[in-house]
Amino acid sequence: MTSVVVVGGGVIGLACGWELQRLGADVTLLERSAVGGGVSRGNTGWVVPSMASPLPAPGMVREGMRQLVTRGDAFVLRPSLDPSFVRWLWRFWRSSSSARFDAGVRALLALNRRTLELFDAYRDAGIRFEMHSTGLLIVARTLAGLHHYRDIFRRLRALGYEGGEPVELDGTRLAELEPALDSRNVEVGLHAPVDRYVRPEELMSGLADGLRAAGGHILEGREVSNMRSDTEGWTVATDAGGIRAEKVVVAAGLPSASLLRPFGFRVAVQPARGYSVTIPGKGTPPRHALYLAEAKLGLSPFASGVRIAGVFELGAAKAEAPAGAGKRLLAAARPYLAGWQPEADEPLATWAGLRPATADGLPLIGELPGNRGLFVAAGHGMLGVTLAPATAALLAPLVLEGRTTPELEPFAPGRN
Ligand SMILES: Cc1cc2nc3c(=O)[nH]c(=O)nc-3n(C[C@H](O)[C@H](O)[C@H](O)COP(=O)(O)OP(=O)(O)OC[C@H]3O[C@@H](n4cnc5c(N)ncnc54)[C@H](O)[C@@H]3O)c2cc1C
-15 MTSVVVVGGG
-5 VIGLACGWEL
5 QRLGADVTLL
15 ERSAVGGGVS
25 RGNTGWVVPS
35 MASPLPAPGM
45 VREGMRQLVT
55 RGDAFVLRPS
65 LDPSFVRWLW
75 RFWRSSSSAR
85 FDAGVRALLA
95 LNRRTLELFD
105 AYRDAGIRFE
115 MHSTGLLIVA
125 RTLAGLHHYR
135 DIFRRLRALG
145 YEGGEPVELD
155 GTRLAELEPA
165 LDSRNVEVGL
175 HAPVDRYVRP
185 EELMSGLADG
195 LRAAGGHILE
205 GREVSNMRSD
215 TEGWTVATDA
225 GGIRAEKVVV
235 AAGLPSASLL
245 RPFGFRVAVQ
255 PARGYSVTIP
265 GKGTPPRHAL
275 YLAEAKLGLS
285 PFASGVRIAG
295 VFELGAAKAE
305 APAGAGKRLL
315 AAARPYLAGW
325 QPEADEPLAT
335 WAGLRPATAD
345 GLPLIGELPG
355 NRGLFVAAGH
365 GMLGVTLAPA
375 TAALLAPLVL
385 EGRTTPELEP
395 FAPGRN
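Counting in my numbering, the sequence shown runs from -15 upward without gaps.
Structural data, given as structure tokens:
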């Protein structure tokens, strides 16, 4: 039985831990606070193979600049002269060429090929979590608001996406499909029926329960400070002593880069802060995951409240919501909604999380060059929930049997 330490109990670490244990490893997962307390917690939980594309896209830099000049709320850049931040921005700009974007889309399409099947396999294996299969509905107040998303769908299909065409909806059909919307303000929509959404907190507690039930160990309140290798394997140093293992998987989200720096890891990972509120309301809640195109907000109707989330704020280092952030989210969502409305203008609590964002928009999955037995699964940016099962399914055979697949090549942690 191969012993494996997984560092980090977010959606990526838990998916990797569960998959490794399922394949016969003896897994110990180390989490510095409580599992599921990082950026995986308050997100919208979308599982969206139909939209999986790298963030640096043709036109994205121009759109970012436009938002900065117009002081838009969706994209915020906190200026910094920190050399690593400037380098990250430069690489982001370089990655937004057509050719690189297309290569990134192809890589994500290949990674995502089994995503929906893998979520079903979780359920079949007894992992319990809230999951909805009503699809993703992108709605806009004018036809122009949909252009960008139509282009993305078209491009994904041209590059091999096999999940079917999104359905175009006019105002009348939208009102029938989604009575929570305000038909006076929302004119058009695109429905991608294959997409799903899950309650991320439940997915993580389900995976943690599954990992424990299968014989794995989860140690909370254990912060990993470093790792050391010798001829027999690895010693993982924590604030409560060292733990031995043959293999180590670092899935620590944003701090993964600093943990791996002593091992020659050079890829820059920057925090991209986002916010959410989860709120009960009046009326009939939406039936779909909704993307409000102009406001650039996601909305997920869960069993115990509707979650509204968004904002991509680069350069903010703390997972704390500034004053008024939740109120602004609600105010931006309101014009789209009529059949359902949040019960208050001001939420009781606003959640904030730091997405681990790579400059090329692709996650890091694989073995660290020159460090046998040391693996990384991090940098999933805006797509960690969608990509967690696929990341685990491809990484686990590599960790346990050295079995690599062409799908993993674009995500190699040795890239620059
Ligand atoms: C507003 C918002 C909406 C989003 N919506 C979606 C969505 O709808 N669909 C989607 O696919 N993605 C979405 N995302 C992105 C998604 O949340 C992330 O990609 C994903 O959660 C990253 O998971 P992770 O496990 O890498 O990181 P985390 O969840 O941050 O997990 C890392 C864990 O490692 C622990 N850790 C760190 N350092 C150490 C250490 N030294 N020792 C021990 N433990 C350590 C941390 O405490 C943490 O628990 C959204 C993000 C935001 C902010």
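Just so you know, even glycine gets a beta-carbon here, dropped at the ideal spot from N, CA and C.
Check                                                                                                                        : Outcome
Boundaries of the alpha helix (DSSP H) in which Ser240 is found, first to last residue                                       : Ser240 to Leu244
Alpha helix (DSSP H) segment containing Phe247, residue limits                                                               : No alpha helix (DSSP H) contains Phe247, which DSSP labels as neither H nor E.
Buried/exposed call for Gly199, threshold 16 Cβ in 10 Å                                                                      : exposed
Exposure label - Arg245; buried when at least 16 CB within 10 Å                                                              : exposed
heavy atom of ligand 1 below 7 Å from Val253 C-beta                                                                          : no
Beta-carbon contacts of Leu238 that lie in its chain and below 7 Å, excluding the five residues immediately before and after : Val253, Pro255, Leu338 and Pro340
Burial state of Trp74, where buried means 16 or more other Cβ atoms lie within 10 Å                                          : exposed
Per-residue DSSP class, three states only, for Leu93                                                                         : helix
As assigned by DSSP and simplified to three states, the class of Gly217                                                      : strand
Same chain, Cβ closer than 7 Å to Gly119, neighbours up to 5 away in sequence not counted                                    : His175, Ala176, Pro177, Val178, Asp179 and His272
Rounded distance between the beta-carbons of Leu348 and Phe247, thought under 8 Å                                            : Not confirmed; about 13 Å, so no contact.
Close beta carbons around Gly398, own chain, < 6 Å, minus the five adjacent residues each side                               : Pro353
Beta carbon of Ala235 nearer than 8 Å to that of Val(-10)                                                                    : yes
Three-state secondary structure (DSSP) of Pro306                                                                             : coil
Per-residue DSSP class, three states only, for Gly363                                                                        : coil
Buried/exposed call for Asn210, threshold 16 Cβ in 10 Å                                                                      : exposed
Status (buried if at least 16 other CB within 10 Å, exposed otherwise) for Asn400                                            : exposed
Buried versus exposed call for Asp344 [16 or more other C-beta atoms within 10 Å across all chains shown]                    : buried
Glu152 to Arg90 span [Cα, whole Å]                                                                                           : 24 Å
Proximity test, Ala236 beta-carbon vs ligand 1 heavy atom, cut-off 7 Å                                                       : yes
C-beta contact flag for Gly(-6) and Val23 at 8 Å                                                                             : yes
Proximity test, Val369 beta-carbon vs ligand 1 heavy atom, cut-off 7 Å                                                       : yes
Spatially closest choice to Val226 from Glu207, Leu243 and Ser240, by CA coordinates                                         : Note on identity: in this sequence residue 226 is Gly, with Val being the wrong assignment. Taking only the C-alpha atoms, the option nearest Gly226 is Glu207.
Chain-order list of residues whose beta-carbon lies under 7 Å from that of Ile111 (same chain, five-residue window excluded) : Gly190, Leu191 and Gly194
Buried versus exposed call for Leu127 [16 or more other C-beta atoms within 10 Å across all chains shown]                    : exposed
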